[in-house]
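Residue 1 is where the sequence shown starts when you use full-length UniProt numbering, and the numbers rise one by one after that.
The C-beta atom is built at its ideal place from N, Cα and C for all residues, glycine as well.
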Amino acid sequence: MPAPLISPAERNYIEQGVEQDCRADGRARLEYRHVVLESGLLSQASGSARCRLGESDVLVGVKVEIGQVESAKPKQGRVVCNVECSPSASQQFEGRGADDLNNSLTLAMDRLFNGSQSGLDLESLCIIPDQQCWVIYIDAMVMDAAGNLLDCIIMTARAALYNTRIPKTEIEDLGDGEFEFEVIDDVDDAEPIKGWENLPISVTLYKIGQRYIIDPTILEELCSQVTLTVGVNKQGLVCGIKKGQTGSIEPSLLNEMIGTATTLAKPLIERMDSKLVSDENKILEKKKLGQHVETLGFFASVI
1 MPAPLISPAE RNYIEQGVEQ DCRADGRARL EYRHVVLESG LLSQASGSAR CRLGESDVLV
61 GVKVEIGQVE SAKPKQGRVV CNVECSPSAS QQFEGRGADD LNNSLTLAMD RLFNGSQSGL
121 DLESLCIIPD QQCWVIYIDA MVMDAAGNLL DCIIMTARAA LYNTRIPKTE IEDLGDGEFE
181 FEVIDDVDDA EPIKGWENLP ISVTLYKIGQ RYIIDPTILE ELCSQVTLTV GVNKQGLVCG
241 IKKGQTGSIE PSLLNEMIGT ATTLAKPLIE RMDSKLVSDE NKILEKKKLG QHVETLGFFA
301 SVI
């Protein structure tokens, strides 16, 4: 399947709109499309979330399992990332058309979520040093591709990790360096991932002409000469930078783009966290109400 094409007239129209700060869909250069974020959708997963950014649609499931500690990091747990673009998301993804994109998106997510820059307390995931640890598997499925996939995936993964719970373990020292552990299956005792609140999001800026935009559509992506992806956490600290495509960025413009990314990321993270906390509180209230109804039903049957 050939790559999507754009005519010279369409390219010129988009470039002029970006220059005038009025894009084809009416947005300003630094304006996001409508964001819909949901969490806790998959009952069989340790955590899950779905994000719709404009027409782009991403579902992320997190599974927590016990695995072997890496020899290079004997006192830390691990994060394993994987991104799959559904063949139904775009004609370009039919057959093996999405392989390169899957690998690129997986690598980008792994670079942001693995290591100290992620903010996750990986040491808290270690069960027995040099032996066993919790492994966090993050699987992202792109169900509809309409531009700015990486930012949408990172936002969804962050929400899914907020929703993730890790079972408690009881460790017994048998002596002579031998240990045993037992996993407590009680859901109420499960704990959130330590440090999730420090997880960054990514803000990708696309240079079109002499200006740059955020959250592009597919056609706007085709007009971009170079991209700059900046990972930013809730404190406004830069956690990673990645340049894409073959174009160049002047040093002064590079500093401006990084500053723009940090400025945009902080309020977005605050709104996301507020939404996630609000959704969790609603779920807890429903559970309490359900327990109350069951209790009333029990006493009514006794009477």
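Going by alpha carbons, who is nearest to residue i out of the options?
i	options	result
I184	D176, M155, I166, V18	I166
I70	V62, K63, V187, V79	Note that residue 70 is Glu in the sequence shown here, rather than Ile. Checked all of V62, K63, V187, V79; the closest Cα to E70 is V79.
G17	R211, L42, M143	R211
G115	E55, F181, P200	P200
V203	L112, T169, E197, I127	L112
Q117	N233, D273, G259, V62	N233
C223	R11, E197, S7	R11
V187	A159, K168, E221, I6	K168
D110	N82, S124, S88	N82
I153	Q20, C51, G40, G97	C51
L5	L219, Q20, T260, M272	L219
A265	E221, K282, M155, I171	M155
M257	I127, V238, K275, H34	V238
L101	C126, I283, G67, L149	L149
I128	I66, S88, G195, L53	I66
R96	C126, D189, E84	E84
C133	A49, P74, G54	P74
K194	A145, L125, L53, Q225	L125
A145	S7, L53, D273	L53
P192	G26, E280, Y13	E280
A108	A190, S278, K242, W196	K242
Q131	K287, F181, S88	F181
W196	Y13, D99, H34, D273	D273
G26	L37, Y13, S7	Y13
Give me the Cβ distance between residue i and residue j, rounded to the nearest whole Å; I'm assuming they're in contact under 8 Å.
i	j	result
G236	T262	5 Å
T227	G240	That pair is no contact at about 14 Å.
E15	G147	No, E15 and G147 are not in contact; Cβ-Cβ is about 16 Å, not under 8 Å.
S104	F93	About 13 Å; that fails the 8 Å criterion.
Within 10 angstroms of its Cβ, does residue i collect 16 or more other Cβ (buried), or is it exposed?
i	result
D173	exposed
E285	exposed
F299	Below a pLDDT of 50, predicted positions are generally treated as unreliable, and F299, at 36, falls in that range; the measurement from the model is reported next regardless. So F299 counts as exposed.
E250	exposed
N255	exposed
A72	exposed
D151	buried
G247	exposed
A9	exposed
S56	buried
Q76	buried
K207	buried
I269	buried
C22	exposed
L289	exposed
S90	buried
A24	exposed
R158	buried
I171	exposed
L205	buried
V58	buried
L276	buried
E19	exposed
G259	exposed
R271	exposed
E221	buried
G40	buried
V142	buried
Could you tell me which whole beta strand (DSSP E) segments of length 3 or greater appear in the region 229 to 290?
238 to 244
Taking contact to mean 3 or more Cβ pairs, one atom from each stretch, closer than 8 Å, check whether the region 196 to 216 and the region 171 to 179 are in contact.
no
Give, in chain order, every unbroken run of the beta strand (DSSP E) that is at least 3 residues long and sits entirely within the region 177 to 229.
178 to 183, 201 to 208, 211 to 214
Quick check on the DSSP output: what are the complete alpha helix (DSSP H) runs of length 4 or more inside the region 91 to 163, in order along the chain?
99 to 113, 149 to 163
Does the region 119 to 126 come close enough to the region 28 to 36 to have 3 or more Cβ pairs within less than 8 Å?
no
Three Cβ pairs or more, each shorter than 8 Å: is that satisfied between the region 58 to 68 and the region 127 to 144?
yes
Taking one C-beta from the region 145 to 165 and one from the region 40 to 49 each time, how about it: are there three or more such pairs within less than 8 Å?
yes
Taking only runs that begin and end inside the region 5 to 59, name each unbroken beta strand (DSSP E) of 3 or more residues, in chain order.
35 to 39, 47 to 53
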